[in-house]
Structures are given as structure tokens and as C-alpha cells.
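What follows is a set of notes on a single structure, which appears directly below.
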């Protein structure tokens with residue numbers, strides 16, 4: 001056999017070997033990810049390796065209250081899924097910015113900053129449900145398979161060697177840590193999350209309000225080249241199909257139920273032997289009253305604050321806020337519901353008539369609503385169109 005023939009034979013053997021390895025990877029990935037019976041044991045072992053890498057690079061927060069909260073909510077959602085046989089793990093990382101991600105084997109991570117961003121347990125539940133859905137649908141391994149140029153080498157190293165290289169495993173974490181999922185997988189996780197939230201009694205509107213604030217945050221950031229992230233569904237698109245899903249399931253989209261939006265509060269000030277009460281919306285004063293007797297002021301302000309909190313709504317339009325005047329008595333109405341009624345004798349210490357005081361309040365409420373809507377990405381008419 002000539003030297004040239006020997007070289008050709010070696011090259012042929014190498015090509016055959018490489019093809020064999022690639023075929024084995026393809027079969028293993030498809031077996032683990034897409035067979036009728038998933039090998040959850042292997043997924044959990046892989047998840048454990050990935051979690052060790054993540055937790056070496058990123059500090060795990062040992063906050064008892066926050067850890068108890070995500071574990072309680074997360075386990076409730078996981079039990080409602082079709083993955084009861086998988087043990088889920090919920091952990092908090094000390095990372096800048098609100099973020100959440102999942103890895104194979106049921107490991108769910110959220111950043112500590114996320115707790116400053118969410119406004120209710122319902123919003124947190126929505127985020128956790130979304131990440132649990134990625135695990136349910138095995139999206140991490142599916143996405144790895146789909147991303148051909150990167151996938152084969154990574155899964156070859158991770159799944160076919162007894163002692164996987166830590167650096168290679170680290171590369172796999174980028175798919176989940178940076179949420180590099182396709183539009184199809186992201187939408188599937190979003191819609192599955194809504195079903196989990198409904199099953200467990202959490203308000204799925206919380207997931208919508210979180211996405212809407214996320215979109216607002218994106219709008220105020222400078223535009224950047226998305227590069228590999230361009231396969232992500234735009235947050236605006238996610239908001240639209242989540243709203244469609246909520247309407248399909250006949251869920252009332254009441255955003256105040258899952259947020260601090262239009263938060264009504266009251267405070268009292270003693271000045272020069274007179275008591276002044278102030279009602280605020282999102283810390284912006286909308287009504288001031290001054291009485292000589294504290295008890296009378298408290299009763300009037302408490303009732304007004306309760307009524308305002310009950311009837312104030314994001315989708316209010318100007319003509320639905322009115323002041324009805326009958327003689328010396330004026331009444332502030334929202335959608336024909338009484339908020340507060342005042343007589344001219346009760347506003348004498350403000351040197352204004354009751355009508356003047358309540359018309360000022362009406363205009364301040366309208367201004368608060370206007371400024372609020374300027375900073376939010378949703379259409380206030382959507383509820384009226386249903």
C-alpha cells in the first residue's frame with residue numbers, strides 16, 4: 001500500500017468516526033429530549049452540573065424570607081404541572097438587574113434585584129411559571145439541538161464524556177442564563193405559564209403587567225444590535241398574545257389587582273391647631289381638607305380614600321369623572337359612584353367653596369391618570385372594546 005493510499009485511508013477513517021460521533025450525538029439528544037419517555041435522571045444530572053458552575057460564578061443569596069417565598073410559589077406551580085416526578089430547585093442569585101432563567105433538571109434562578117422590580121406575588125408567580133414551563137417543554141436541550149453550529153460540539157462534550165469539561169458546560173449555561181430561546185419556545189413558555197397560574201389560583205394578569213413594565217423599561221433604553229437575540233419575540237408581541245390568551249380564558253384584565261398602580265394613600269398634618277388631611281394617588285396630592293376637629297376629618301378622609309381606591313381605574317376617561325353641584329353641596333363622582341360629598345361649610349378653612357375644592361380634585365385626578373398613561377405601553381381603550 002502506497003503512502004498516499006495510507007493517508008487517504010486514515011482520512012476516510014477519521015471522517016467515518018466523526019460522522020459516527022455526530023450521529024450518536026443526534027440520537028442521544030433526540031432520545032433525551034424528544035422520546036415519549038424522557039430520561040429525567042440524565043436531565044437532573046446535567047442540571048446539577050450546570051448549577052454547580054453557575055453557583056461558583058455567581059453568589060447565591062441566603063435570604064430566608066425571599067427564598068421561602070419563591071420556593072412556596074414555585075413548588076405550588078410545579079405540582080400543577082405535568083412534571084410532578086421532577087424535583088424543582090428555586091434559588092436567588094446576587095446579580096445586577098431583574099432576571100430569571102431555568103436550566104435542565106428543574107433548576108430555576110431569579111436575581112435578587114428582581115424582588116425590587118415586581119409588585120406582587122402574582123407577578124413573581126408569573127415569572128416562575130414561565131421558567132417552569134421552559135423545563136416542562138425541555139426548551140434548553142431543544143434550543144441546543146436547534147442551534148446546530150454550537151450544539152453538536154457542546155452536547156458531545158457534555159453527554160458523551162464521563163468527566164465533562166467545566167468550560168464546555170459553562171458555554172451551555174449561556175442558552176439559559178441569557179434566555180436565548182426562539183420565538184416558538186418563548187411563546188410556548190408564556191402560554192403554558194398562563195395555564196399554570198390559572199390552575200394554581202394566581203392572577204395571570206400579573207404576568208402581563210410584568211411584561212408591560214419590562215417593555216416600558218426597554219423603550220427608555222438606547223437601541224442596540226440584538227445579534228443572536230433577534231430570534232426572541234419582541235416584548236410587544238409577547239404582550240399582545242398574552243392579552244389574547246387572557247381574553248380567550250375570560251380573565252378580567254384588572255392591572256391594579258396585581259400592581260401598585262394608582263396607589264391611593266392618605267396622611268394627616270397638625271398645623272396651627274387645625275388638622276389637614278391629604279389624599280394622594282401615587283404620592284401625588286389630589287385632595288386637601290382642613291378641619292378643626294380631628295375625628296370629623298378622619299371619618300371624612302377615610303371614607304373618601306376607600307371610595308377612591310375602589311373606583312379609580314386605569315382606563316377611566318375624563319367624562320367619567322364629574323362634580324355634581326346641588327345648592328351648597330358638591331359631590332365628586334367616578335362613573336356615577338360617589339367618592340366624597342362636601343358642603344361649603346366644610347371647606348371654609350380652605351377659603352374655597354366645596355365646588356371649587358372638588359373641581360380641583362377632579363382635575364388633579366385627570367392629570368395623574370394622564371401622566372401615568374404616558375409611561376405605560378398599553379392601550380387604555382382595550383377594556384372598552386371588549
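Residue numbers (this note's numbering): 1 to 386. Here a beta-carbon is modelled for each residue, glycine too, at the ideal position from N, C-alpha and C.
- Following the DSSP letters along the chain, one finds residue 326 inside the beta strand (DSSP E) bounded by residues 321-326.
- Note that the C-beta distance between residue 267 and residue 277 is below 9 Å.
- For residue 368, the closest of 314, 52, 127, 101 by C-alpha to C-alpha distance is 314.
- Apart from sequence neighbours up to five positions away, the residues of its chain that approach residue 235 with a beta-carbon distance below 7 Å are 211, 214, 215, 218, ordered along the chain.
- In the pairwise beta carbon analysis, the segment 104-124 is classified as touching the segment 251-269: at least three pairs are separated by under 8 Å.
- Burial check for residue 56: the Cβ neighbour count within 10 Å stays below 16, so the residue is exposed.
- In this structure, the CA atom of residue 96 is about 53 Å from the CA atom of residue 348.
- In the three-state scheme derived from DSSP, where H, G and I count as helix and E and B as strand, residue 107 is classed as strand.
- Residue 312 and residue 357 do not touch by the CB rule: their CB atoms are close to 18 Å apart, not below 8 Å.
- With 16 or more other CB atoms across the displayed protein chains lying within 10 angstroms of its CB, residue 242 is buried.
- The segment 265-335 is shown to contain whole alpha helix (DSSP H) runs of 4 or more residues at 294-311, in chain order.
- Beta-bridge annotation (DSSP): residue 89 is paired with 107.
- The beta carbons of residue 81 and residue 196 sit closer together than 9 Å.
- The beta carbons of residue 308 and residue 269 sit no closer together than 9 Å.
- The DSSP-derived three-state label of residue 338 is strand.
- If one requires a minimum length of 4 residues, the alpha helix (DSSP H) runs lying completely within the segment 50-104 are 64-79, in chain order.
- DSSP, reduced to helix, strand and coil, places residue 343 within a strand of the structure shown.
- In the three-state DSSP reduction, residue 253 falls in the coil class, being neither helix nor strand.
- Selection 336, 342, 338 evaluated against residue 330 yields 342 as nearest (Cα-Cα).
- The alpha-carbon of residue 91 is positioned some 43 Å away from that of residue 303.
- Within the model, the alpha-carbon separation for residue 333 versus residue 289 is close to 17 Å.
- Within 10 angstroms of the beta-carbon of residue 318 lie fewer than 16 other beta-carbons, which makes it exposed.
- When the Cα atoms are used, residue 60 and residue 220 turn out to be separated by approximately 30 Å.
- Classified as exposed, residue 299 has fewer than 16 neighbouring CB atoms from the shown chains inside 10 Å of its CB.
- Here DSSP, grouped into helix, strand and coil, assigns residue 376 to coil.
- Assigned with DSSP and collapsed to three states, residue 261 falls in coil, not helix or strand.
- Looking at 39, 44, 249, 126, the one whose alpha-carbon comes closest to that of residue 70 is 126.
- In the DSSP assignment, residue 192 falls within the alpha helix (DSSP H) that extends over 183-200.
- About 6 Å separates the Cβ atoms of residue 48 and residue 105, confirming a contact at the 8 Å cut-off.
- Scanning 136, 310, 202, 191 for the CA closest to the CA of residue 72 turns up 202.
- If you check the CB distance, residue 209 and residue 287 do not come in under 9 Å.
- The beta carbon of residue 67 is closer than 7 Å to those of 92 in its chain, skipping five residues each way along the sequence.
- A Cβ-Cβ contact shorter than 9 Å links residue 246 with residue 204.
- Our two residues, residue 146 and residue 140, have alpha carbons roughly 10 Å apart in a direct line.
- One Cα belongs to residue 136, the other to residue 50, and the distance between them is close to 18 Å.
- Residue 325 counts as exposed, since fewer than 16 other beta carbons sit within 10 angstroms of its beta carbon.
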